[in-house]
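**Student:**
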Amino acid sequence: MQKIGVFVCHCGTNVAGTVDVNAVAEALKNEPGVIISTDYPYMCSETGQNIIKNAVRENGLTGAVICSCSPRMHEVTFRKAATAAGLNPYMLEIANIREQCSWIHKDMPTGTAKAIVLGKAAIAKVNLNVPLTSGESPVTKRALVIGGGIAGIQTALDIAEAGFEVDIVEKSPTIGGKMAQMDKTFPTLDCAACILTPKMVEAAQHENIKIYAYSEVTEVKGFVGSFTVKIKRKARYVKENICTGCGDCTKKCPQKKIPDEFNLGMNNRSAIYIPFAQAVPKVATIDPEHCTMLKTSKCGICAKVCTANAIDYTQQDEYIEEKYGAIVAATGYNPITLENFDEFAYSRSPDVVTSLEYERILNAAGPTDGKLVRPSDGVHPKTIVFIQCVGSRDTSGCGKQYCSKVCCMYTAKHAMLTREKYPDTDVYVFYIDVRTAGKNFDEFYRRAVEDYDVHYIKGMVGKVAPMADGKLMVQASDLILNEQLHIYADMVVLATAIEPDKSARSLATMLTASMDTNDFFTEAHAKLRPVESPTAGIFLSGTCQGPKDIPETVSQAGAAAVKVIGLLAKNKLTCNPCVAHSDEQLCNGCSSCEKVCPYGAISYSDKEFRMPGRTTAVRRVASVNAAVCQGCGACTVTCPSGAMDLNGFSNRQIMAEVDAICR
Amino acid sequence: MQTLKKKLTEQVLRTSGVNVRKCMRCGKCSGSCPSYDEMDYHPHQFVYMVERGDVDALMKSNYRCLSCMACVERCPRGVAPAKLIEAIRLMVVRQQGQNHLKADQIPALLDKDLPQQAIVSAFRKYSK
Amino acid sequence: MIFSYYPGCTLKTKAKDLDRYARMSAQVLGITLEELPAWQCCGAVYPMAKDEIVTKLSSVRALMSAKEQGNDLITLCSACHNVIKQVNNDMQNDRDIAGKINNYLNPDVEYHGETNVIHYLEMLRDKVGFDVLAQKVVHPLTGRKIAAYYGCMLLRPASVMQMDNPENPVIMENFIRAIGGDPVIYPYRNECCGGYVTLEDNALVGKNSVKVLASALENGAEMIVTACPLCLYNLGKNNAQHKVPVIYFTELLAEALGIKDRGEEENADA
């Protein structure tokens, strides 16, 4: 029989105002197992905690029930007090008579009666509690960052600076991501490459960072502190450690008509290519889809021209396996495709471009060497119309429901850069709202309007009609003047919505990390835990978690790094002991629990069991990885044979609570 | 008058099935409307006017909507201003003697090529 | 292949060509169009109001008749297609309307949108196939620059009509290519000609129609084809300044199949 102490807290008047705490303590004195029952105004205070500790020591208590506020407030406090007094912390239960009782009810009789019932249920549970000990699991002191854009790079740099080894896996031939494609960045209008490339170089040269570019994660096994990851290193057909990045091969390659991805298809590259001049690693890659040698075994010019002998047409994809303690998802974003928005004639006219394409046009290293000219005829545009919110804030099913956050600012940026360089070009921006919430952001956009004479019109474009003379007729509404406008533009720029990279969903499955319906990784708590996935050991950095600009990305990247460092700094991880466990004698190997576990904590293995008649049989039974299990109980409920049970919340305990309430 | 206004607004919302609160005042409907210049009130206004209960003004002037569905197709919130106009027209023409187009007006409008489809459509949209 | 066929009133009187050429061409393509027995006028425009029930009945009767025959229902006039398809969608998805209509008509078996409604162009694309059509072409319209005019009714609302991309359709252009012609793409091919407002405001119709004609001409069109008798009328009445012939697409189809100059009876024997 247990020796249980009951401690009822007044919580000032929070509880005592609606619950007769004396009556509760009195009523609970008579419950089975209870040897003392008392009350006090503030149980969580030092005096209150001392009451508990003294009671434990003096009475040799084996269990305790605290009737107080929500366990989310003070369970940790009271468990620490119990431990200090020599009582196993998992022999202490909390009956929430505040959030679930005194704060809901208005009259004392109801509140008191309910508090007594809640207390009885907790006592019934504690009678069946067993002491639990937290387990331990090891920590591999290495981190993996998936994605080599500014978010991934910044996270990796911060982790590396703290002294931990970190690998970056990036699927394109170079790190840098979208920021490498940008021209200038708001709100300071400094050159993106100038601020990014030093970080890229730093990452490449840091002794703690290893970059696996042109690589992908193919498998993730394990759990927090002990992940095993398979990485596929795609064949470049160029020896990465020998290639000097001189670029001679790219000049001599006869296949020159392949749309250049870096310039969004607005100009061409060769089959053997370096994505851009500041690529890291600066090595060539052969595109197997378009290489004559790889397809027909005829050519081989690049191998002949290469003075370093770095070309290797026989190279194969390589698979490596590495161990990590923490994984960071930093897979970034892409602008959406526009097949649902043909009213803007994107597919009908080369002079209707997306904002990212416009960014490349403005960029000095872009398809037009930084000259602002129309893609169709190379003529300088005299009138440009920018359309905001193409595909964002759209609940009709054509686009994304959310606001893409960055477009108002980058459109103001584009407008200003255009007006500054070409004061003879008229610029219109059609907007629904102008969202410029960051530091110095509103001032930035007002400069566009007030100093650079950009025409901001509140209204939306209904249609862009390409005319036979090459102009684009833009039909739009001006809501302030109540007019329908027809502007004959030379170029139209669409601020398209952004969406997470397509690789994110399969990665989320591999990581068992949750995603929302828009394919953004979900954070553990929207406000208080923004850079952690609910899955232990997985962290989030950058736009893969939600649309954001560069200042926010870098902030978040640092935050994710700190969380990783906090994890890797530990030598061992304490596991939550309230985890599921399976009774092997009852388990029938049906796999139902494995399928419902959101954390991937359950696995099956074949074990030998003694059977009647001195025989043995091999049976497939479940086992729970206590380090990964979060104690959600889904498996316990699903298990058809009752083999699965939850420590600290066993089936018997739940039923005992119900019985106590119904008594 | 207040109660009548509220009644009329409720009637419009019920008949049209439109949720006017979804509108985010973007103006794409008005940017798409082919008869914008011929209207006294424009698509982006109808929605707000109904929301505020200014239905009487709309009841007097709503006959230039072509029911071409461009606003319905392009609205990013699925609001469908054209449905509101139809509901408002119905509230007018369902009243006795309030048809916008009357049978005796037709002979003057006929020509030998006019497809009867035009007459039927116009009656459907402007009369009961 | 057998289909039920709903011509609509205008096709029987002012738009006989649209109907005649369609039926002749169908025969050549191995399609039997069985006109629905005792059909009524569809109403020419879809009543959008949630409480308009009676105005939808004739469309439901046509749909139920097709269901009885056990066939898909083909329509030709853009307006009829739009009304019947949208009413069918109501019968499938709007419990209130479907309930009231079934209650009133009191059929032996309730109708819940089982009939498949397709436009003649969709029949050509999906049931015959434009490649098969191309093979049957006898007089390809080589070098002829033909602009397709969709108007509003065929394409919108796209969630119900589901014929093609409402802002960048290709079905009529593919049809034109199949019969050997050179399709002309122009931005106003899916903008309203003015429709029924022709009875109330000729100037507005003039403005809209001229925009369509000018746009087509500007992009090199020699002729415009359409599937809607009202569009044909509106565009035709306003081509004083922008002269370009507007004909039904079925006339071109018949011409390409080499049967345009045959009489109907002659065609039936062939």
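From first to last, the protein sequence lines stand for chains A, B and C.
Just so it is clear: in the first sequence, position 157 is 157 by the working numbering, and no numbers are missing.
Just so it is clear: in the second sequence, position 27 is 690 by the working numbering, and no numbers are missing.
Just so it is clear: in the third sequence, position 31 is 822 by the working numbering, and no numbers are missing.
Built from N, CA and C at the ideal position, the CB exists for glycine as well.
#1: Cβ atoms of A:L567 and A:A326: under 8 Å apart, would you say?
#2: Per the contact definition of three or more C-beta pairs closer than 8 Å, is the segment 104 to 121 of chain A in contact with the segment 64 to 75 of chain A?
#3: Taking the alpha carbon of C:N873 as the point to measure from, which residue in C:K891, C:A817, C:P948, C:A994 has its own alpha carbon closest?
#4: Can you list the residues of chain A that C:Y979 reaches, using a CB-CB cut of under 8 Å?
#5: Taking only beta-carbon atoms, is B:Y699 less than 8 Å away from chain C?
#6: For a quick check, are the C-beta atoms of A:L417 and A:K184 less than 8 Å apart?
#7: Which of the residues in the segment 874 to 907 of chain C, read from start to end, lie with their CB under 8 Å from any CB of chain A?
#8: Could you say which of A:Y599, A:A122, A:F164, A:K221 lies nearest to A:I661 if we only look at CA atoms?
#9: Does the separation of the CB atoms of A:A330 and A:V145 fall below 8 Å?
#10: Which residues in chain C have a C-beta closer than 7 Å to the C-beta of B:P706? List them in chain order.
#11: Rounded to the nearest angstrom, how far is the Cβ of C:I1015 from that of C:G972, given a contact under 8 Å?
#12: Ordered along the chain, which non-local residues of its own chain (more than five positions away) have a Cβ less than 7 Å from that of A:C253?
#13: Please list the residues of the segment 929 to 960 of chain C that have a C-beta atom closer than 7 Å to any C-beta atom in chain A, keeping them in chain order.
#14: Taking the alpha-carbon of B:C734 as reference, which of A:V238, A:P534, A:E343 has the nearest alpha-carbon?
#15: Spell out a yes or no on whether the segment 843 to 854 of chain C and the segment 997 to 1006 of chain C are touching, meaning 3 or more CB-CB pairs, one atom from each, closer than 8 Å.
#16: Tell me A:Q475's beta-bridge partners as DSSP assigns them.
#17: How about A:C597 and A:A634: do their beta carbons lie closer than 8 Å?
#18: Verify whether the separation of the beta carbon atoms of A:T436 and A:M409 is less than 8 Å.
#19: Mind pulling the beta strand (DSSP E) runs of 3 or more residues that sit fully within the segment 834 to 903 of chain C?
#20: How do the segment 572 to 581 of chain A and the segment 550 to 561 of chain A stand: do at least 3 beta-carbon pairs fall below 8 Å, yes or no?
#21: Do A:C407 and A:S392 have their CB atoms nearer than 8 Å?
#22: Please give the ranges of any beta strand (DSSP E) in the segment 291 to 370 of chain A, keeping only runs that are unbroken, at least 3 residues long and fully inside the region.
#23: Flag B:E736 as yes if its beta-carbon sits less than 8 Å from any beta-carbon of chain C, otherwise no.
#24: Since C:A939 contacts C:P974 with CB under 8 Å, what's their CB separation in whole angstroms?
#25: Grouping DSSP H, G and I as helix and E and B as strand, with all else coil, what is C:I793?
#26: Cα-Cα, which of A:V429, A:E608, A:S592, A:T218 is closest to A:I602?
#27: Run down chain A in chain order and give the residues with a C-beta less than 9 Å from the C-beta of C:E1009.
#28: What residues from the segment 774 to 788 of chain B come within 8 Å of chain C, judged by C-beta to C-beta, listed N to C?
#29: I need the straight-line Cα distance from A:Q666 to A:S650, nearest angstrom please.
#30: Would you tell me roughly how many angstroms separate the C-alpha atoms of C:M963 and C:R916, rounded to the nearest one?
#31: So with CB distances below 8 Å, who are the chain C contacts of A:S347?
#32: Assuming A:K210 and A:Y333 form a contact by the criterion Cβ under 8 Å, report the distance between their Cβ atoms to the nearest whole angstrom.
#33: Comparing alpha-carbon positions, which option in C:Y941, C:E859, C:Q860, C:K805 lies nearest B:L773?
#34: For the ligand FAD, I want to know if B:K791 counts as a neighbour, meaning its beta carbon is within less than 7 Å of at least one of the ligand's heavy atoms.
#35: Output the distance between the C-alpha atoms of A:I51 and A:L128, rounded to the nearest integer angstrom.
#36: Starting from A:F539, trace the beta strand (DSSP E) in both directions and tell me its first and last residue.
**Tutor:** Here's the rundown:
#1: As a working mapping, residue 326 of chain A is identified with position 326 in the first sequence. As a working mapping, residue 567 of chain A is identified with position 567 in the first sequence. Cβ distance < 8 Å, so A:A326 and A:L567 count as in contact.
#2: yes
#3: Numbered from its first residue, the third sequence carries residue 873 of chain C at position 82. C:N873 has its Cα closest to that of C:P948, out of C:K891, C:A817, C:P948, C:A994.
#4: Residue 979 of chain C sits at position 188 when you count from the first residue of the third sequence. The answer, in chain order, is A465.
#5: Here residue 699 of chain B is taken as the residue at index 36 of the second sequence, counted from 1. The beta carbon of B:Y699 does not come within 8 Å of any beta carbon belonging to chain C, so the residue lies off that interface.
#6: Along the first sequence, one-based indexing puts residue 417 of chain A at 417. Along the first sequence, one-based indexing puts residue 184 of chain A at 184. A contact, by the Cβ cut-off of 8 Å.
#7: none
#8: By one-based count along the first sequence, residue 661 of chain A stands at place 661. Ranking the options by Cα distance to A:I661, first place goes to A:A122.
#9: Locating residue 330 of chain A in the first sequence gives position 330, counting from the first residue. Locating residue 145 of chain A in the first sequence gives position 145, counting from the first residue. Against a cut-off of 8 Å, the Cβ pair of A:V145 and A:A330 comes out as a contact.
#10: Here residue 706 of chain B corresponds to residue number 43 of the second sequence, with the count starting at 1. Within 7 Å Cβ-Cβ: nothing; B:P706 doesn't reach chain C, min ~13 Å.
#11: For the purposes of this step, residue 1015 of chain C is taken as the residue at position 224 of the third sequence. For the purposes of this step, residue 972 of chain C is taken as the residue at position 181 of the third sequence. In fact, because the Cβ distance is near 12 Å, the residues do not count as touching under 8 Å.
#12: For the purposes of this step, residue 253 of chain A is taken as residue 253 along the first sequence, with counting starting at 1. Result list for A:C253: S270, A271, I272, I301, C302, in chain order.
#13: N956, E958, N959
#14: Numbered from its first residue, the second sequence carries residue 734 of chain B at position 71. Ranking the options by Cα distance to B:C734, first place goes to A:E343.
#15: no
#16: By one-based count along the first sequence, residue 475 of chain A stands at place 475. In the DSSP output, where bridge partners are listed per residue, A:Q475 has A:K463, A:H486.
#17: Here residue 597 of chain A is taken as the residue at index 597 of the first sequence, counted from 1. Here residue 634 of chain A is taken as the residue at index 634 of the first sequence, counted from 1. Yes; because the gap between Cβ atoms is below 8 Å, this pair is in contact.
#18: Reading the first sequence from its first residue, position 436 is the one you call residue 436 of chain A. Reading the first sequence from its first residue, position 409 is the one you call residue 409 of chain A. In contact: A:T436 and A:M409 (Cβ atoms closer than 8 Å).
#19: 864 to 866
#20: Flag = no, the segment 572 to 581 of chain A and the segment 550 to 561 of chain A do not touch.
#21: The residue given as residue 407 of chain A occupies position 407 in the first sequence. The residue given as residue 392 of chain A occupies position 392 in the first sequence. Yes, these two residues count as a Cβ contact at 8 Å.
#22: Within the segment 291 to 370 of chain A, the complete beta strand (DSSP E) runs of at least 3 residues are 318 to 324, 326 to 329, 333 to 335, 352 to 354.
#23: Counting from 1 along the second sequence, the entry for residue 736 of chain B is found at position 73. So, interface residue.
#24: Within the third sequence, the letter at position 148 stands for residue 939 of chain C. Within the third sequence, the letter at position 183 stands for residue 974 of chain C. Indeed, because the Cβ distance is near 6 Å, the residues count as touching under 8 Å.
#25: In the third sequence, the residue the question calls residue 793 of chain C occupies position 2. In the structure shown, C:I793 sits in a strand (DSSP, three-state: E or B).
#26: Here residue 602 of chain A is taken as the residue at index 602 of the first sequence, counted from 1. Answer by Cα proximity: A:S592.
#27: For this step, residue 1009 of chain C is matched to residue 218 along the third sequence. Within 9 Å Cβ-Cβ: M467, A468, D469.
#28: D776, L777, P778, Q779, Q780, A781, I782, V783, S784, A785, R787, K788
#29: Past the boundaries of the shown model lies residue 666 of chain A; chain A is included only from 1 to 663, so the question cannot be answered.
#30: Residue numbering aside, residue 963 of chain C sits at position 172 when the third sequence is read from its first letter. Residue numbering aside, residue 916 of chain C sits at position 125 when the third sequence is read from its first letter. Cα to Cα, the separation comes out at about 9 Å.
#31: Sequence index remark: in the first sequence, residue 347 of chain A carries index 347 (1-based). Result: N959.
#32: As a first step, residue 210 of chain A is located in the first sequence; it is residue number 210 there, counting from the start. As a first step, residue 333 of chain A is located in the first sequence; it is residue number 333 there, counting from the start. Contact flag wrong, Cβ pair sits at about 25 Å.
#33: Within the second sequence, residue 773 of chain B is the residue found at index 110, counting from 1. Taking each of C:Y941, C:E859, C:Q860, C:K805 in turn and checking the Cα distance to B:L773, the smallest one comes out for C:K805.
#34: No copy of the ligand FAD appears in this structure; indeed no ligand is present at all.
#35: Looking up residue 51 of chain A in the first sequence gives position 51. Looking up residue 128 of chain A in the first sequence gives position 128. Annotation: A:I51 to A:L128 spans about 24 Å, alpha carbon to alpha carbon.
#36: As a working mapping, residue 539 of chain A is identified with position 539 in the first sequence. Per DSSP, A:F539 belongs to the beta strand (DSSP E) from 538 to 540.
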